[in-house]
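Line order of the protein sequences matches chains Z and X. First residue of the first sequence: 1, per my numbering; consecutive thereafter. First residue of the second sequence: 1001, per my numbering; consecutive thereafter. We put the beta carbon where it would ideally sit given N, CA and C, even for glycine. All values derive from a computational prediction rather than experimental measurement. Comments concern the structure below.
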Amino acid sequence: MMNTAQPNTIILEASGLSKRFGGLLANDGISLSLGSTSGKVTSVIGPNGAGKSTFFKMLAGFCAPSAGRVRLFGEDITGLAPHKISARGLVRTFQETTIFPELSALEHVALARQLSRRASDLQVFGGTAAARRDEERMRADALEILRFLDLDGVADSIAKTLPHGYLRLLGIAMGMAASPKVLLLDEPYAGLNPDETDRAVELTRKIAASGVSILLVEHDMKAVMKISDHIHVLYFGKKIAEGTPEQIRNNEQVIEAYLGKEDEDLGL
Amino acid sequence: MKQEQRRDLSAILLVLTVLLVLPLLITQSHYLISVLMNCAGVAVIASGVWLTFCIGRINICQAGFALIGGYVSAILIAKAGLSFWLALPLSCLAAALCGAIIGSAILKLKGIYFSMLTICLTEAIRLAFLNGGALTQGAKGITGLPQAFSGDSPLPLYYLGIALLALALGVVWRVHYSRLGGIFRAMRLNEDLAESFGVNVWRYRIMAFAIACGLGGLGGSYFTLFTQSVYPQSFTVEHSIYYMLFCFLGGLEYVSGAMIGAFSLTILFELLQDFQQYQSLIYGVLMIIVMLTLPNGLMALRALSWSLPLRKGAVK
């Protein structure tokens, strides 16, 4: 989980990312940099349809940009397959709909620990000693991750019996299992009650404090303002502002385009 | 071992034991033996279809790969003069290789699109063999292959079928209940999620499909051995659909599902021989009933919720 990059390397940098779906320009030349200090929390906000999801997908390799580059620790990762991007330390989490109902929390995280597997597929198939050692190590790692996220209490609970808030955290734990250097969180607080949100925000902080840079897309303004070191605002596919929560709160363009139109039901 | 896994293993062991012992009890009936050989063969082929269900693909081209296995065996034995002991594994490998090559092109598709394409593929493979010239001998097929085992007794061939079935189930079992099965399950649930934690989805899709096609080839080769012939009509779209239905009937959550489905339906139709011409009709109605009332297949029936008292962790 430690960031081993050079002190002056930009952790993650998107430059001029565009995505065109037929006649629709979902992302129009969006640039974003996480700077060179690890362990910061950066948020991408914007009303529904602003292009946040598309932007996230392009960063993690799930859809190819029409133009622009993505660099991770100075290396160009544009157009790489998602699993290769994950292996380089940029990991995306999903919402809780992607949980195996019959597996325990521990099994989820152990399964997501795939990248640390050393035994070959053939060894796994044959159930050799190396594969069994791997299996034990992956479970031990998984337990450690759950402990770190204060989820070890539900390690043996079957996913379908867990409350919604836990499932969301389990999704984050699965992301952590890939040993990310940069973690992309996809609406981590959506659908959580205030208590659960507080808990999840606390957890996000803890992950960031361990040296993982966090980039999140979120609708919950209160949580975003509370947790972010830096905020980028998208509006109809364009980036209209970036800055600290304080700056965003006072940015006229943002207020006009987004916050100020709260009553007009722009998805707030 | 979990409850389901124990039940699964119990079903496999029970069926295999019965199959091993049965010929000793019923020594007279060549007919019964040939029915069971047929069951074992289709179960091997259907277990491949079951494996493609694991990665979330409904595979309706398995008959095509069985046909590849059958023809490769027949050609190797009749034209190259190989012994069937060599032809059997080689045709399995040939089918797996074809599966890997074709799979790398078509496995990008999902859901109904994949299924539609695989139906066409069964037909395309059949037509390829029909028009294969002197090598495949067109509609006449390749006939008059030498007997695999000398002598009148069908038992050696019968036990070969049981051994192949055990092998197929063993392979699928190891894949399903090892880490690979976990990866396949993750891919079935959400390929993006699997990819986000570092799974090379493309590679595992092809791996699963190649194993599945290999099993199809193995079963097809076995049929060629015991019918001593292969025709383009030996395996058609209809068969492909049956293999898929066997899996639905047996249950997609249990490795034994394909085998249970294959044996129950095949034996059922031997008993209902007078209605042979209505087979497709009865299959269709039966499947609608199964899907409506038993979405998880026979193996999930409460009435079957028994298992042998297997020691915990005895088989992993």
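- Separation of X:LEU1090 and X:ILE1211 (C-alpha to C-alpha, rounded to the nearest whole angstrom) is 14 Å.
- Of all residues in the segment 1174 to 1196 of chain X, those with a C-beta nearer than 9 Å to a C-beta of chain Z are ARG1174, VAL1175, SER1178, ARG1179, LEU1180, GLY1182, ILE1183, ARG1185, ALA1186, LEU1189, ASN1190, ASP1192, LEU1193, ALA1194, GLU1195, SER1196, reading in chain order.
- When Cβ-Cβ separations below 9 Å define contact, X:GLY1198 makes contact with chain Z.
- Interface flag for Z:GLY79 against chain X is unset, since no Cβ pair is found closer than 9 Å.
- Separation of the CB atoms of Z:LEU34 and Z:LEU215 is rounded to 7 Å, and the pair is thereby assigned contact status at 8 Å.
- Comparing C-alpha distances from Z:ALA110 to each of Z:ALA81, Z:GLU13, Z:GLU144, Z:LEU80 shows the shortest one belongs to Z:GLU144.
- Contacts between Z:ALA178 and chain X, judged by CB atoms closer than 8 Å, involve SER1196, PHE1197, GLY1198 in chain order.
- In the structure shown, the three-state DSSP call for Z:ARG118 is coil.
- Interface with chain Z (9 Å Cβ-Cβ cutoff): X:TRP1202 is included.
- One finds LEU1180, MET1207 in chain X with Cβ atoms closer than 8 Å to the Cβ of Z:ASP121, taken in chain order.
- By the beta-carbon neighbour count (other beta carbons within 10 angstroms, threshold 16), Z:ASN8 is exposed.
- DSSP, read as helix, strand or coil, puts Z:ASP141 in helix.
- Z:LEU192 counts as buried, since at least 16 other C-beta atoms from the protein chains shown sit within 10 angstroms of its C-beta.
- By the rule that beta-carbons nearer than 9 Å mark a contact, Z:ARG20 does not touch chain X.
- Note on geometry: alpha-carbon atoms of X:LEU1009 and X:GLY1220 lie some 25 Å from one another.
- When DSSP states are grouped into helix, strand and coil, Z:VAL91 belongs to the strand group.
- Contacts with chain X at 9 Å (Cβ-Cβ) do not include Z:HIS164.
- Under the DSSP assignment, X:GLY1214 falls in the alpha helix (DSSP H) whose first and last residues are 1201 to 1227.
- Of the other Cβ atoms in all chains shown, fewer than 16 fall within 10 Å of the Cβ of X:TYR1278; this residue is therefore exposed.
- In its chain, beyond the 5 residues on either side, ARG1126, PHE1129, LEU1130, ALA1139, GLY1141 have a beta carbon closer than 7 Å to the beta carbon of X:PRO1232.
- In the three-state reduction of the DSSP assignment, Z:VAL44 falls in the strand class, which pools E and B.
- The shortest C-alpha to C-alpha distance from X:THR1122 to any of X:GLN1003, X:SER1240, X:GLY1132 is the one to X:SER1240.
- Excluding its 5 nearest sequence neighbours in each direction, X:SER1229 has C-beta neighbours in its own chain below 8 Å: ALA1074, GLY1141, ILE1142, THR1143, GLY1144, LEU1145, listed in chain order.
- Beyond the five residues adjoining it in sequence on each side, X:CYS1098 comes within less than 6 Å, by CB distance, of ILE1068 in the same chain, given in chain order.
- Here DSSP, grouped into helix, strand and coil, assigns Z:GLU202 to helix.
- Taking 8 Å as the upper bound for CB-CB distance, Z:ARG92 and Z:ASP186 are in contact here, some 7 Å apart.
- Counting only residues of its own chain and dropping the five nearest sequence neighbours on each side, Z:LEU12 has a CB closer than 6 Å to the CB of LEU34, LEU72, VAL182.
- Counting along the chain, Z:ASP186 sits inside the beta strand (DSSP E) bounded by residues 182 to 186.
- Annotated three-state conformation of Z:ALA208 is helix, per DSSP.
- The count of Cβ pairs closer than 8 Å, one atom from the segment 154 to 166 of chain Z and one from the segment 98 to 118 of chain Z, reaches three, so the stretches are in contact.
- For X:GLY1198, the closest of Z:ARG133, Z:VAL154, Z:LEU162, Z:LEU90 by C-alpha to C-alpha distance is Z:LEU90.
- Going by DSSP, X:GLU1270 is part of the alpha helix (DSSP H) stretching over 1257 to 1271.
- Judged by their CB atoms, X:GLY1297 and X:PHE1263 are not nearer to each other than the 9 Å cut-off.
- Straight through space, the alpha carbons of X:GLY1257 and X:LEU1294 are spaced by roughly 13 Å.
- Contacts between Z:PRO82 and chain X, judged by CB atoms closer than 8 Å, involve ASP1192, GLU1195, SER1196 in chain order.
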